[in-house]
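Novice:
2 protein chains.
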Amino acid sequence: MFEFQLVAKCPGTAARLGRISTSHGTVQTPIFMPVGTQATVKTLAVDELYEIGAGIILANTYHLNLRPGPEIVRKAGGLHNFMNYKRPILTDSGGFQVFSLARLRRITEEGVEFSSHIDGSRHFIGPEKAMEIQQALGADIIMCFDECIPYPSDYEYAQKAMERTSRWARRCRDCMSSDQALFGIVQGGLFEDLRLRSARDIVELDFPGYAIGGLSVGEPKEEMYSTIELLEGYLPADKPRYLMGVGEPEDLLEGVHRGIDMFDCVLPTRLARHGTAYTAKGKLVVRNALYAEDFGPLDPDCDCLVCRQYSRAYLRHLIKSSEVLGMRLLSYHNVYFLVNLMKGIRESLENNSFLSFRRDFLNKYQIKREENT
Amino acid sequence: MFEFQLVAKCPGTAARLGRISTSHGTVQTPIFMPVGTQATVKTLAVDELYEIGAGIILANTYHLNLRPGPEIVRKAGGLHNFMNYKRPILTDSGGFQVFSLARLRRITEEGVEFSSHIDGSRHFIGPEKAMEIQQALGADIIMCFDECIPYPSDYEYAQKAMERTSRWARRCRDCMSSDQALFGIVQGGLFEDLRLRSARDIVELDFPGYAIGGLSVGEPKEEMYSTIELLEGYLPADKPRYLMGVGEPEDLLEGVHRGIDMFDCVLPTRLARHGTAYTAKGKLVVRNALYAEDFGPLDPDCDCLVCRQYSRAYLRHLIKSSEVLGMRLLSYHNVYFLVNLMKGIRESLENNSFLSFRRDFLNKYQIKREENT
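Line by line, the protein sequences are chains A and B.
The first sequence stops at residue 374 when you use my numbering, and every number in between is there.
The second sequence stops at residue 374 when you use my numbering, and every number in between is there.
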């Protein structure tokens, strides 16, 4: 079961307010999806995700295929049961990791043979296999297997990969049997004509949702924003749009501004593990000696459990002492920060105040950007 | 404020039921105190400790003296505020770590000069300094600075260290000004006459509580048990008795049996980080391939949150994938297991059924021991 409902459109921008319904519940869009790579949002327990207000979370097919393997997850009754997360889950196809993390790749029309980054063992994932694994994992939303190219890539390779991604998308669609929602992925690098051809190919296959892949891979932010803008008119308005692997607080605002409904990114938990926290006034490096005797909250503007209970001095001590609790508390706060930012964005869309919300947030977040709306 | 009340004595053994009252609340004894070495019980948040039912927790003076330093904790308003733990806290004196963890020790009558195990920097702790640091940390219960000898040690060294520990205990007592409760520590290795002389020396100084130090350092368990038995008659019945650094489930039962009221040990969290869980039927190595498709709870006899929410297969996956959540969940369960064991012990003491509780637990825990009660 999968349904997307467009609730409202922002008059001055492409921003949209929507609702995604699955058999594991309904979430509001635009939404940020925390990443639970190996069937756990790193350092956090599911009760904390509920407390934070997370809706959909993402898990990685590439990783779960290697460990514990799809068969164990299937026997557990799917990912929801395995990791005990009762809200919606999305799995990616493994494409991104196969092309970025795995080693000794051999790419053919059939799919990709590669070596595990863990133990070097040989594996194969192609469109059919990606669907088979994702069906065993049993997420509510699953993704087509795509060929992800690095940045920068030349036109010829971008074209070849985009065309293969379209052919693979058709094969993925032809494997569908369950009631999982399969999203198509638009590729094409930073080449306008390739992006438009990809969008046309993928939309033609009529998926319940569309993702923009291959962005946030090192290109200038303006290139990312303009690619989203370009595609906005070509992705069906009545289907959700998912910007994969994005992102930073400012990217969430810019993505929403350009019509994106769904985002995912490992940054909040990765930054946390390295001792950096989001705050309303920008990123804060907790390890900094400046905070050794700062007994105030991490982010005075935040009402999360961490900001209510612990001081910067304590968090700094934990991080400097390599204590797991430090990573946990920063991860909690960072995920809360983005989930809460999206909540603020949705409220602003309801009140027709998105542009001022965006301006106020970015001003405070000290991102020096022209007001180019 | 510190008060110990002896509530009941077990008719057939030396076991006691009691109550310790501090300005941070009252706890029942016998009690197991989880260890929060660096002002955090490793991987766990304070709300989880409350949920588990932890009473007193322990923090280490040696570690907190190095990081973040006592001055920062004092400025935070003491450990309770710094780490946001509102229940009673006990700090050790640093003695154990100075003699086991620190390097390049120079021991004099004044105290010990040593190199930090973190960065090699030179530090000094003696009785007065240990009290000064512990006063800055502000725990409810603090400990005398003692000389801890390794196992095995010869008589001559054991005697010298024991006598110095007695002299240091007096100097610690003479530093007391606050309303913290300072416990004396009995040393003397495995030599009966030294243990009895130490007990006499320390009891003479009239502390509000007495600890037995220098056990669980590698000696055979029977030696540990017989040392506790020996001291039982020499430690005042109206003061709490604390067996330092112990221990394993069976040691808690044997300690209570011999009149001990307080225990602490890093094992539950250390074992958890290495992927081992306590269960009613003994230790379980979660990483074992046996559990790869075991979708049952970690310990079917346990009603903790982890056993109610997650499967052995999932926990195994987390541990094998080095996910922090795995260590967290096992730490939670292991600490719960010991806290809950102590609750069972206290209930059995209330119902005059301690011996049968002990027998049933040990039988199930598969410890092959003679019923030598």
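For glycine and all other residues, C-beta sits at the position ideal for the given N, C-alpha and C.
#1: Is there contact here, the segment 52 to 71 of chain B with the segment 335 to 345 of chain B, by at least three beta-carbon pairs under 8 Å?
#2: For Gly234 of chain B, count neighbouring Cβ atoms within 10 angstroms of its own Cβ and tell me buried if that reaches 16, exposed if not.
#3: Enumerate in chain order the residues of its own chain whose CB-to-CB distance from Leu47 of chain B is below 6 Å, with the five nearest sequence positions on each side excluded.
#4: So, at 7 Å on beta carbons, what are the nonlocal neighbours of Ile320 of chain A in its own chain, with the 5 sequence-adjacent residues on each side left out?
#5: Buried or exposed for Tyr366 of chain B, please, with buried defined as at least 16 other CB atoms from any protein chain shown within 10 angstroms of its CB.
#6: For the beta strand (DSSP E) containing Ser22 of chain B, list its first residue and its last residue.
#7: Measuring CA to CA, which of B:Phe5, B:Leu18, B:Ile186, B:Gly70 is closest to Met343 of chain B?
#8: What residues from chain B crowd round Ser322 of chain A, counting only those whose CB sits closer than 7 Å?
#9: I'd like the span of the beta strand (DSSP E) that includes Leu7 of chain B, first residue to last.
#10: Nearest chain A C-beta to Thr44 of chain B closer than 7 Å, yes or no?
#11: Are the beta-carbon atoms belonging to Phe355 of chain A and Ala16 of chain A less than 7 Å from one another?
#12: So, with DSSP's three-state summary, where would you put Asn373 of chain B?
#13: Between the segment 302 to 315 of chain B and the segment 304 to 313 of chain A, do three or more beta carbon pairs fall short of 8 Å?
#14: Are the Cβ atoms of Arg359 of chain B and Gln29 of chain B separated by less than 7 Å?
#15: Given that Ile73 of chain B touches chain A, what residues does it touch there, using C-beta distances under 7 Å?
#16: Considering only the alpha carbon of each residue, which of B:Met132, B:Ile203, B:Leu244, B:Arg198 lies closest to Cys173 of chain B?
#17: Give a yes or no on whether the minimum CB-CB distance between Phe97 of chain A and chain B is below 7 Å.
#18: Near Asn353 of chain A, which residues of its chain fall below 8 Å by C-beta distance, leaving aside the five closest residues on each side in sequence?
#19: Against chain A, which members of the segment 77 to 106 of chain B pass a CB distance test of less than 7 Å?
#20: By Cβ distance, which residues of its chain are closer than 8 Å to Ile32 of chain B, with the 5 residues on each side in sequence left out?
#21: Any residues in the segment 258 to 292 of chain A with a beta carbon nearer than 7 Å to a beta carbon of chain B? Which ones, in chain order?
#22: Let me know the secondary structure DSSP gives Arg347 of chain A once reduced to three states.
#23: Could you name the residues of the same chain whose beta carbon sits closer than 8 Å to that of Ser24 of chain B, not counting the 5 residues immediately before and after it, in chain order?
#24: Take Ala137 of chain B as the anchor and find which of B:Glu224, B:Arg329, B:Asn61 has the nearest alpha-carbon.
#25: Just mark Gln188 of chain A as buried or exposed, buried being the case when its beta carbon has 16 or more other beta carbons within 10 Å.
#26: Less than 7 Å between CB atoms is the rule here; does Gln367 of chain B satisfy it with respect to chain A?
#27: Buried or exposed: where does Glu324 of chain A fall if 16 or more other Cβ atoms within 10 Å of its Cβ makes it buried?
#28: Going by CA-CA distance only, name the one from B:Cys303, B:Arg104, B:Val113, B:Pro128 that's closest to Asp120 of chain B.
#29: Tell me Leu183 of chain B's beta-bridge partners as DSSP assigns them.
#30: Check the DSSP bridge columns for Glu114 of chain B and list the partner residues they point to.
#31: May I have the straight-line CA-CA distance separating Ser94 of chain A from Gln98 of chain B, to the nearest angstrom?
#32: Closest Cβ-Cβ distance between His25 of chain A and chain B: below 7 Å?
#33: Compare the C-alpha of Ala281 of chain A against each of A:Arg196, A:Arg274, A:Pro298, A:Val267 and name the closest.
#34: Out of curiosity, what's the CA-to-CA distance linking Leu7 of chain B and Leu236 of chain B?
#35: For Gly26 of chain B, which residues does DSSP report across the bridge?
#36: Using the Cα positions of Arg168 of chain A and Gly283 of chain B, report the straight-line distance between them to the nearest angstrom.
Specialist: On the basis of the coordinates in this document:
#1: yes
#2: exposed
#3: The question names Leu, yet the displayed sequence has Val at residue 47 of chain B. Asn85, Tyr86, listed in sequence order.
#4: Gly276, Val287, Arg288, Gly327
#5: buried
#6: 17 to 23
#7: B:Leu18
#8: Gln39, Arg68
#9: 3 to 10
#10: yes
#11: yes
#12: Confidence is the limiting factor: at Asn373 of chain B the pLDDT is only 36, short of 50, which leaves the residue's position unreliable, though a coordinate-based value still follows. DSSP places Asn373 of chain B in coil when its eight states are reduced to three.
#13: no
#14: no
#15: Ala293, Glu294, Ala314
#16: B:Met132
#17: no
#18: Cys11, Pro12
#19: Ala77, Phe83, Met84, Asn85
#20: Ile21, Gly56, Ile57, Asp262, Met263, Phe264, Met343
#21: none
#22: helix
#23: Met2, Asp141, Asp180
#24: B:Asn61
#25: buried
#26: no
#27: buried
#28: B:Arg104
#29: B:Ile143
#30: B:Arg107, B:Phe125
#31: 50 Å
#32: no
#33: A:Pro298
#34: 14 Å
#35: B:Thr23
#36: 55 Å
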